[in-house]
Amino acid sequence: MDMKGELEEPKKGSILQSTSKRVRMIFSVMASPNRIDILRILNSKGPLTYSELKSLAGFKSKKESGKFAYHLRKLLRQSLVALNKSERRYTITNLGKLVLSLARQIEERSIIESGKMYVRTSHESIEEFNSHKIIQSLVREGSLPLELAQKITEEVENRIYKYQTTYLTGSLIREMVNSVLLEHGHEEYRNKLARLGLPVYDVQEMLTNLDNVGNGTDGLLFNTGQRVFAEHLLTNILPKDVADSHLSGDLHITNPGIWSMIPDTIFVNVKELIDDGIVLGGKNLDVSRVPVSKSLDDITSSLSVIISLLSKEASQEIVLDGIVSLFSKHAKNIEELEQKVSNAFAVASTTPNYNKAGTNVSIRLALGSDTKIV
90 MDMKGELEEP KKGSILQSTS KRVRMIFSVM ASPNRIDILR ILNSKGPLTY
140 SELKSLAGFK SKKESGKFAY HLRKLLRQSL VALNKSERRY TITNLGKLVL
190 SLARQIEERS IIESGKMYVR TSHESIEEFN SHKIIQSLVR EGSLPLELAQ
240 KITEEVENRI YKYQTTYLTG SLIREMVNSV LLEHGHEEYR NKLARLGLPV
290 YDVQEMLTNL DNVGNGTDGL LFNTGQRVFA EHLLTNILPK DVADSHLSGD
340 LHITNPGIWS MIPDTIFVNV KELIDDGIVL GGKNLDVSRV PVSKSLDDIT
390 SSLSVIISLL SKEASQEIVL DGIVSLFSKH AKNIEELEQK VSNAFAVAST
440 TPNYNKAGTN VSIRLALGSD TKIV
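Position 42 of the sequence shown, counted from 1, bears residue number 131 in my numbering, the numbering being contiguous throughout.
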């Protein structure tokens, strides 16, 4: 029996031809803006159902259903999109992510090579400069009348072309816009459009001096975020005279970075929470659910979870009520009670803090006819 034909390897030319055909098919898929949009949506949103993906891709009418199905089939056939049959959800494949990345690089490079001005945007992409987007931003973010927005944009555009630069950033354009607004006496509009954040030098200093930042990376992120929200509070939320009084020292706002978001102190009856079981109402999905506590160990675990969660809801202090009655019916003696409460506080103490001092946890106790906080 002649095995030569069966053992013969495929010719190199046929492999290359097959690969070339596959590449051509992928490029033909990339030629459609609709299909690129579908890949972008799946890449940013994650797995989606057919109807969710169809709606987000802009195919909302029944007449467009066939067109959407056609584009989706193309992506499925080239393995750029996959269907999870058990969940009935579509997801972008690794090949699809690669194709999307290449499409983005080609788009960005074509803008650069064209010699036109391009903008590195704040959402990490390169786009051709379009003055109409400045008008849209002024109207949407700053609430400027359309006529004034057009006038400001025209002056900004003239300055951009005067600089003869081919490299722009979103922050640079915003600085120019704000400068023109100030020159025309529109300080209120400028405050609405101001970019909140840190200078490059300050960020570099924080990264260089990490030893001075408490709580490691968490502390660095908290500090950075709080400086942004503190600036927002003083610039856009508080009346100008109140903000000036704080800055001059006539009054003091504690923790301005979180002052407008969470209270300084909260009071909680932990017995009511733990007796009923901790119900988070769909929030904190990464936190283990705690059922109704029936033993001393259950109560200790539940108390740790409660303190940990509540410490993120107050900037200075949590005052706990009902802790004595909660433990009294389960603890055999005072030593065991002390040990369990101490363990609960020790576990909860690992929660990141909003500031260097941390959030204090106090227990309100009934001593005779008086109530004391310890």
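For each residue, glycine too, the CB sits at the ideal point set by N, CA and C.
Notebook entry, point to check: DSSP puts Tyr-179 in a beta bridge; with which residues?
Noted result: Leu-137, Leu-172
Notebook entry, point to check: When the Cα atoms are used, what is the spatial distance from Asn-183 to Leu-169?
Noted result: 8 Å
Checklist line | Opposing strand residues paired with Ile-407 [DSSP bridges] | finding: Ile-355, Val-450
Margin query: Considering only their Cβ atoms, is the gap separating Thr-258 from Val-208 smaller than 8 Å?
Written below: yes
Notebook entry, point to check: By DSSP, does Ile-396 sit in helix, in strand, or in coil?
Noted result: helix
Next item on the list: Out of Glu-217, Val-266, Gly-308, point me to the one whose CA is closest to Leu-237's CA.
Entry: Val-266
Notebook entry, point to check: Which residue comes first and which comes last in the beta strand (DSSP E) that contains Ile-347?
Noted result: Where Ile-347 is concerned, there is no enclosing beta strand (DSSP E), given that its DSSP letter is neither H nor E.
Check: With 16 other CB atoms within 10 Å as the buried threshold, where does Leu-285 fall?
Finding: exposed
Next item on the list: For Glu-246, I'd like the list of residues in its chain whose CB is within less than 7 Å of its CB, leaving aside the five on either flank, ordered along the chain.
Entry: Ser-220
Note to self: Is it buried or exposed, Ala-39, if we count other Cβ atoms within 10 angstroms and call 16 or more buried?
What the structure shows: The requested residue 39 does not occur in the structure, where the chain is confined to residues 90 to 463.
Next item on the list: Measure from the alpha carbon of Leu-165 to the alpha carbon of each residue in Leu-128, Gly-155, Lys-151, Asn-344, then state which is nearest.
Entry: Leu-128
Check: Got a sec? Which residues, its chain only, sit under 8 Å from Val-359 by beta carbon, not counting five neighbours each side?
Finding: Leu-392, Ile-395, Leu-409, Asp-410, Gly-411, Ile-412, Leu-415
Note to self: In chain order, what are the residue ranges of uninterrupted alpha helix (DSSP H) at least 4 long that sit wholly in the segment 244 to 322?
What the structure shows: 259 to 272, 276 to 282, 289 to 297, 305 to 321
Item checked: Buried or exposed (CB count within 10 angstroms, at least 16 for buried), Leu-362 -> buried
Notebook entry, point to check: Considering only residues of the same chain and omitting the five flanking positions on each side of Arg-263, which have a CB-CB separation below 7 Å?
Noted result: Leu-282, Arg-284
Notebook entry, point to check: To which residues of the same chain is Leu-299 closer than 6 Å at the C-beta, ignoring the five residues directly before and after it?
Noted result: none
Margin query: Taking the beta carbon of Ala-158 as the centre, do at least 16 other beta carbons fall within 10 Å, making it buried, or is it exposed?
Written below: exposed
Notebook entry, point to check: When the Cα of Ala-120 is compared with those of Ala-192, Thr-306, Glu-424, Gly-305, which residue comes out closest?
Noted result: Ala-192
Notebook entry, point to check: DSSP on Glu-217, reduced to helix/strand/coil?
Noted result: strand
Next item on the list: Might you give, ordered along the chain, the residues of its own chain that have their beta carbon closer than 8 Å to the beta carbon of Glu-244, omitting 5 neighbours on each side?
Entry: Val-269
Note to self: Taking DSSP's pairing of strands, which residues face Val-208 in a bridge?
What the structure shows: Glu-216, Leu-257
Checklist line | Top-ranked residue by Cα proximity to Arg-124, from Pro-136, Leu-296, Lys-156, Pro-328 | finding: Lys-156
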